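K.L.:
If you use numbering that gives the first Met the number 0, the sequence shown corresponds to residues 0 to 253, in order.
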Amino acid sequence: MSLIDLLLNLVLGAALGTVGGLFGIGGGLIAIPVLGVLFGLDQQLAQGTALVMVVPNVMLAIWRYNQRNRIDLRHALLLGITSLVCAWLASLYAVELDSRTMRWAFIGFLLALAAYNLVRMMMAQAPSSSELRHPWGWFGVLGGVSGAMGGLFGVGGAVVATPVLTSVFGTTQVVAQGLSLSLALPSTGVTLLTYALHEHVNWWMGVPLAVGGLLSISWGVRLAHSLPERLLRSLFCVFLLICALMLGLEASGL
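1) Output needed for ARG73: all residues of its chain with C-beta closer than 8 Å, excluding positions within five of it in sequence on either side, in chain order.
2) Give the DSSP-derived three-state secondary structure of ILE216 in the structure shown.
3) Roughly how many angstroms separate the alpha carbons of ASP4 and ALA45, rounded to a whole number?
4) Give the secondary structure of ASP71 by DSSP, where H, G and I count as helix, E and B as strand, and everything else as coil.
5) Is the Cβ-Cβ distance between GLY182 and LEU78 less than 7 Å?
6) In whole angstroms, give me the CA-to-CA distance for GLY143 and ALA250.
7) Kindly indicate which residue of LEU6, SER1 and LEU21 has the alpha-carbon position closest to the one of PRO227.
8) Between LEU88, VAL10, LEU59 and LEU151, which lies nearest to LEU28 when the distance is taken from Cα to Cα?
9) Just checking my contact of SER82 with GLY156 at CB under 8 Å: how many whole Å lie between their CB atoms?
10) Does DSSP put MET121 in a helix, a strand or coil?
11) Pair every Cβ in the segment 7-14 with every Cβ in the segment 200-218, then say whether three or more of these pairs are closer than 8 Å.
12) Distance check for ILE106 and ASN116, CA to CA, integer angstroms please.
13) Kindly confirm or deny that the segment 45-55 and the segment 184-195 touch, where touching means at least three C-beta pairs closer than 8 Å.
14) Please tell me whether ALA86 and VAL154 are closer than 7 Å, where the distance is taken between their beta carbons.
15) In whole angstroms, what is the alpha-carbon distance linking LEU40 and VAL163?
16) Hey, how far is the Cα of GLY2 from the Cα of ALA30?
17) Hey, how far is the Cα of LEU37 from the Cα of GLY247?
18) Given this structure, state the Cα-to-Cα distance separating HIS199 from LEU184, to the nearest angstrom.
19) Which residues mark the beginning and the end of the alpha helix (DSSP H) in which VAL36 is found?
20) Tell me the residue span of the alpha helix (DSSP H) that contains THR165.
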């Protein structure tokens with residue numbers, strides 16, 4: 000890799016980290032379409048390379064988060080263990096799939112995620128509480144489903160778990176983000192390992208992306224706190240739809 004390529008990947012990582020911090024998703028969901036469309040990586044290679052950036056971002060985020068808002072260890076362990084197992088099984092399945100099939104499945108995932116967030120915006124939200132609406136044992140199911148989505152699509156489970164924790168279990172946004180990080184760390188770690196063992200990771204590209212993301216993710220977080228929540232959700236939905244459109248055009252050869 001030339002020095003110019005290295006610098007470009009650092010800059011790209013910084014941009015992805017900023018946007019990831021803005022939307023609170025670590026950057027992986029954003030990096031995958033960019034790597035697939037702009038760099039021509041097949042779907043599994045794009046997902047594996049994006050995970051190189053996601054894993055250290057999640058580690059840094061959970062460490063900083065726990066310093067300010069202690070995470071309930073029982074809840075975190077249940078979410079983490081079930082997500083780890085399901086992410087591992089799903090990632091073993093994902094690396095064997097046809098790349099074109101995986102790309103269309105990822106497009107469907109983006110569209111479903113955008114639709115879910117749009118529905119949440121239009122529905123009246125019940126007030127959050129310190130008491131869970133459902134027994135915390137159900138976190139095992141949430142961890143399994145979120146981990147499976149993370150293992151299959153390489154995006155961690157936080158993007159799935161956070162809205163479920165707030166809308167279904169009635170947690171505050173702060174609690175949901177902390178628990179989602181606890182879920183995402185083991186699932187992204189085991190998924191990266193599986194993709195790496197099957198040679199679906201471009202380390203020369205992934206490491207500079209990770210460094211750039213670590214340097215910039217805090218900027219996105221600060222920007223997120225300065226914007227209205229409804230505006231952030233709207234921007235996130237628009238971004239998901241744009242990513243799905245770009246990947247769809249690329250997959251169709253248009």
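For every residue, glycine included, the Cβ atom is placed at its ideal position computed from N, Cα and C. This structure is a prediction, so every number in the text was calculated from the model and none was measured.
P.N.:
On the basis of the coordinates in this document:
1) As a first step, residue 73 is located in the sequence shown; it is residue number 74 there, counting from the start. Answer for ARG73: TRP135, listed in chain order.
2) As a first step, residue 216 must be located in the sequence shown, where it is residue number 217. In the structure shown, ILE216 sits in a helix (DSSP, three-state: H, G or I).
3) Residue mapping note: residue 4 aligns to position 5 of the sequence shown, counting from 1. Residue mapping note: residue 45 aligns to position 46 of the sequence shown, counting from 1. Roughly 17 Å separates the two Cα atoms.
4) Taking the sequence shown and counting its residues from 1, the one referred to as residue 71 is at position 72. Secondary structure of ASP71 (DSSP, three-state): coil.
5) Locating residue 182 in the sequence shown gives position 183, counting from the first residue. Locating residue 78 in the sequence shown gives position 79, counting from the first residue. Before going further, note that residue 182 is Leu rather than Gly in the sequence given. It is a contact, given that the beta carbons lie within the stated cut-off.
6) In the sequence shown, the residue the question calls residue 143 occupies position 144. In the sequence shown, the residue the question calls residue 250 occupies position 251. Rounded to whole angstroms, GLY143 to ALA250 spans 29 Å at the Cα level.
7) Counting from one through the sequence shown, the residue named residue 227 turns up at place 228. Answer by Cα proximity: LEU21.
8) The sequence position of residue 28 within the sequence shown is 29, counting from 1. Among LEU88, VAL10, LEU59 and LEU151, the Cα nearest to that of LEU28 is on LEU151.
9) Working through the sequence shown from its first residue, we reach residue 82 at position 83. Working through the sequence shown from its first residue, we reach residue 156 at position 157. Right, the Cβ-Cβ distance comes to about 5 Å (below 8 Å), so this counts as a contact.
10) Residue numbering aside, residue 121 sits at position 122 when the sequence shown is read from its first letter. DSSP places MET121 in helix when its eight states are reduced to three.
11) yes
12) Taking the sequence shown and counting its residues from 1, the one referred to as residue 116 is at position 117. Taking the sequence shown and counting its residues from 1, the one referred to as residue 106 is at position 107. Distance between the alpha carbons of ASN116 and ILE106 is about 16 Å.
13) yes
14) By 1-based counting over the sequence shown, the position of residue 86 is 87. By 1-based counting over the sequence shown, the position of residue 154 is 155. Result no, Cβ atoms of ALA86 and VAL154 do not sit closer than 7 Å.
15) As a first step, residue 40 is located in the sequence shown; it is residue number 41 there, counting from the start. As a first step, residue 163 is located in the sequence shown; it is residue number 164 there, counting from the start. Taking the straight line joining both Cα atoms gives about 31 Å.
16) For the purposes of this step, residue 2 is identified with residue 3 of the sequence shown, where counting begins at 1. For the purposes of this step, residue 30 is identified with residue 31 of the sequence shown, where counting begins at 1. Inspection of the sequence shows that residue 2 is occupied by Leu rather than by Gly. Spanning the two alpha carbons is a distance of roughly 21 Å.
17) Position 38 of the sequence shown, counted from the first residue, corresponds to residue 37. Position 248 of the sequence shown, counted from the first residue, corresponds to residue 247. Taking the straight line from one Cα to the other gives about 13 Å.
18) Taking the first residue of the sequence shown as position 1, residue 199 is located at position 200. Taking the first residue of the sequence shown as position 1, residue 184 is located at position 185. Near 19 Å, if we compare the C-alpha coordinates of LEU184 and HIS199.
19) For the purposes of this step, residue 36 is taken as residue 37 along the sequence shown, with counting starting at 1. Taken as a continuous stretch (DSSP letters only), the alpha helix (DSSP H) holding VAL36 covers 27-36.
20) Sequence index remark: in the sequence shown, residue 165 carries index 166 (1-based). Looking at the DSSP string, the run of the alpha helix (DSSP H) that includes THR165 is 157-166.
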